[in-house]
Amino acid sequence: MSKRIVHYINQFFAGIGGEEKADHKPEKRDGVVGPGMGLQKELGDAAQIVGTVICGDSYFNENLESCSATVLDMIKSYNPDIVVVGPGFNAGRYGMACGTVAKLVDENLGLPVVGGLYEENPGLEIYKRYGFFVHTANNAGGMRTAVPDMAKIVKKLAAGEEVTEGYVQKGLRVNYFAKDRGSKRAVDMLLKKIGGQEFETEYPMPAFDRVLPQPAVKDITKARIALVSSGGPVPKGNPDHIESSSASKYGKYSLKDITDFTAENGETAHGGYDPVYANLDLDRVLPVDVIKEMVAAGEIGSLHDYWYSTVGNGTAVSNAKKFANAIAQDLKADNVDCVILTST
Amino acid sequence: MVHMCTIVPISMTVGANRIVPTVAIPYPLGNPALEPADEKELRRKLVKKALEALATEVHGQTVFKD
Chain F
11 MSKRIVHYIN QFFAGIGGEE KADHKPEKRD GVVGPGMGLQ KELGDAAQIV GTVICGDSYF
71 NENLESCSAT VLDMIKSYNP DIVVVGPGFN AGRYGMACGT VAKLVDENLG LPVVGGLYEE
131 NPGLEIYKRY GFFVHTANNA GGMRTAVPDM AKIVKKLAAG EEVTEGYVQK GLRVNYFAKD
191 RGSKRAVDML LKKIGGQEFE TEYPMPAFDR VLPQPAVKDI TKARIALVSS GGPVPKGNPD
251 HIESSSASKY GKYSLKDITD FTAENGETAH GGYDPVYANL DLDRVLPVDV IKEMVAAGEI
311 GSLHDYWYST VGNGTAVSNA KKFANAIAQD LKADNVDCVI LTST
Chain B
3 MVHMCTIVPI SMTVGANRIV PTVAIPYPLG NPALEPADEK ELRRKLVKKA LEALATEVHG
63 QTVFKD
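Protein chains in written order, with our numbering: chain F, 11 to 354; chain B, 3 to 68.
Encoded structure:
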């Protein structure tokens, strides 16, 4: 009998809608929906997608607890053998949802999970240990390769075979018997290192980019503060044409004549969330009204004359680092003491 | 720096050291369901929380909850 698959996807891939439908509540449908069609084709008779669980990306992330329980119940109701999530490419909230579902299924049902995410999707780093995630392209154009890659793993699992490759390492330790004991291996490695020879570590360190916390600001009423955002707040009309996703630049905008954002003087350039609320009142993303009042009242020392904005939607980490370096130089030159960074 | 954001796990992953959780993804510092005056008050509370975070010594990643 062929294995039973449940597929988790978001509102976009289910064809329900884009950002305006990102608050779509969880629902389940029998059989395949959206990318499940291609997946089923690849799987043939090896496994059958018996049900699809769909949820809006914002709804999932904003109602994590209640939504997790609902989605888990929906998945369970199909009595699956394997659960597939995504592929979510480089979509931040979708990636988090896929990862959360993987964790739920792994911990509560003990079933294998197969998914697909782009290497820089934050959901991958957090949740890779809970499923077999294949590397995908950063956008849905990569569906053609993502689906066969995922299907390959599903087929192996369905056949009861061990899966040893084709997915992002989970970071779990697997026991094995080594020929030499640890102390000998360590000394061998050390001798090679001293002798200038190549050696391979048995425990590579992860490349986390961490910075030490800055000391506390002693007195906010004397401090100079600056505003930075990855939520895309820009002057009305987006004068620098910051891209709605995969931003290649950031903008620097004067705060001199703005004491309060309105629908007339500000908007968001971000294409990864419903822009309606930000476009009506951009203070919801960048709190200029409150900050200016607090500066005037002496609750904050002073405000840097500009705000900096980019769009953190599928934006390459390497680009984000470049923006941050340039912005930080600017802020240092103006003796800024501290920064409020807002993200959507 | 203080990071004001709604999806705290992402902020943790990217390495922010001072984190203030906010309202929702499309309006981290607001809530369109409230009256304008109440919404601004909510925003003021969050900004004050952020300033408090900046004025607090931390020795690792710290989330400043209510």
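From the three backbone atoms N, C-alpha and C, an ideal C-beta is built for every residue, glycine too.
Treat the numbers as computed from the prediction; the structure is a model and nothing was measured.
Below 7 Å CB to CB, which residues in the same chain sit around residue i once its five sequence neighbours on both sides are set aside?
i        : result
F/Asp284 : Glu29, Glu30 and Ala32
F/Phe22  : Gly28
B/Leu48  : Met6, Val22, Thr24 and Leu31
F/Ala279 : Gly242, Val244, Asn248, Ile252, Ser254 and Val321
F/Cys348 : Val227, Ala233 and Ile235
F/Lys138 : Val178, Lys180 and Gly181
F/Gly152 : Phe99 and Thr146
F/Phe209 : Met199, Lys202 and Lys203
B/Ser13  : His5, Cys7 and Ile21
F/Tyr128 : Phe99, Asn100, Thr146, Ala147 and Asn148
In chain order, what residues of the same chain lie with their CB nearer than 6 Å to the CB of residue i, ignoring the 5 residues before and after it?
i        : result
F/Gln50  : Val42 and Ile59
F/Lys332 : none
F/Asn20  : Asp67 and Tyr104
B/Leu56  : Val4
F/Asp91  : Lys13 and Arg14
F/Asn149 : Phe99
F/Ala273 : Leu290
F/Arg39  : Thr62
F/Pro122 : Ile92 and Leu167
Since residue i meets chain B, which of its residues come closer than 8 Å, beta carbon to beta carbon?
i        : result
F/Cys108 : Those within 8 Å of F/Cys108 in chain B number zero; the least Cβ separation is about 13 Å.
F/Glu135 : Thr15
F/Ala306 : In chain order: nothing, as chain B lies at least about 13 Å away.
F/Ile230 : Leu53, Leu56 and Ala57
F/Ser68  : Ala26, Ile27 and Pro28
F/Ala288 : Pro28 and Tyr29
F/Arg220 : Gly17
Are residue i and residue j touching if we call contact CB-CB under 9 Å?
i        : j        : result
F/Tyr88  : F/Lys113 : no
F/Ala168 : F/Ser12  : yes
F/Arg220 : F/Ser312 : no
F/Val63  : F/His34  : no
F/Val164 : F/Ala57  : yes
B/Val16  : F/Pro223 : no
F/Phe70  : F/Ala107 : yes
F/Glu72  : F/Asn100 : no
F/Tyr316 : F/Leu351 : no
F/Gly282 : F/Lys246 : no
F/Val298 : F/Asp270 : yes
F/Ile136 : B/Pro11  : yes
F/Leu119 : F/Val93  : yes
F/Ala156 : F/Pro97  : yes
F/Phe126 : F/Met160 : Sequence inspection shows Gly at residue 126 of chain F; the Phe mentioned does not correspond to that position. Contact: yes.
F/Met84  : F/Gly102 : no
F/Ala330 : F/Ser240 : yes
F/His314 : F/Asp344 : yes
F/Glu52  : F/Pro225 : no
F/Arg195 : F/Glu212 : yes
F/Glu26  : B/Leu53  : According to the sequence displayed, residue 26 of chain F carries Ile and not Glu. No, the pair does not count as a contact, with Cβ atoms beyond the cut-off.
B/Arg45  : F/Arg294 : yes
Show which residues of chain F have a CB atom less than 7 Å away from the CB atom of residue i.
i       : result
B/Ala26 : Glu72
Please list the partners that residue i has in chain B, where partner means a Cβ-to-Cβ separation under 9 Å.
i        : result
F/Val295 : Pro28, Tyr29, Pro30, Leu31 and Gly32
F/Gly102 : Ile9 and Ile12
F/Pro132 : Ile9, Pro11, Ile12, Thr15 and Val16
F/Leu265 : Result: empty, since nearest Cβ-Cβ is about 15 Å, beyond 9 Å.
F/Val349 : Met3, Val4 and Leu56
F/Ile301 : Val49
Give me the Cβ distance between residue i and residue j, rounded to the nearest whole Å; I'm assuming they're in contact under 8 Å.
i        : j        : result
F/Leu237 : F/Leu296 : 6 Å
F/Tyr263 : F/Ser353 : Wrong, their Cβ atoms sit about 18 Å apart, outside the cutoff.
F/Cys77  : F/Pro36  : 6 Å
B/Pro28  : F/Ala288 : 7 Å
B/Lys42  : F/Val300 : 7 Å
F/Gly324 : F/Ser258 : No, F/Gly324 and F/Ser258 are not in contact; Cβ-Cβ is about 11 Å, not under 8 Å.
F/Val111 : F/Val124 : Rounded, the Cβ-Cβ distance is 11 Å, inconsistent with contact.
Quick one: what's got a C-beta closer than 8 Å to residue i's C-beta in the same chain, skipping five residues either side?
i        : result
F/Gly308 : Thr231
B/Thr64  : Asn19, Arg20, Ile21, Ala55 and Thr58
F/Val81  : Tyr18, Pro36, Val63, Cys65, Phe70, Val111 and Leu114
B/Ala26  : Thr8 and Asn33
F/Leu341 : Ala236, His314 and Val349
F/Leu74  : Thr110
For a contact meaning CB atoms closer than 7 Å, what does residue i contact in chain C?
i        : result
F/Leu313 : The displayed structure is made up of protein chains F and B, and chain C is not among them.
Starting from residue i, find everything on chain F with Cβ-Cβ shorter than 9 Å and list it in chain order.
i       : result
B/Glu37 : Neighbours of B/Glu37 on chain F: none; closest Cβ ~13 Å, over 9 Å.
B/Lys67 : Near B/Lys67 there are no residues of chain F at all, since even the closest Cβ is about 15 Å away, more than 9 Å.
Output, in chain order, the set of chain F residues within a Cβ distance shorter than 8 Å of residue i.
i       : result
B/Val60 : Pro223 and Ala226
Could you tell me which chain B residues have their CB closer than 7 Å to the CB of residue i, listed as they occur along the chain?
i        : result
F/Tyr283 : Ile27 and Pro28
F/Asp291 : Gly32
Taking contact to mean at least 3 C-beta pairs separated by less than 8 Å, is the region 183 to 193 of chain F in contact with the region 328 to 339 of chain F?
-> Output reads no: the region 328 to 339 of chain F does not touch the region 183 to 193 of chain F.
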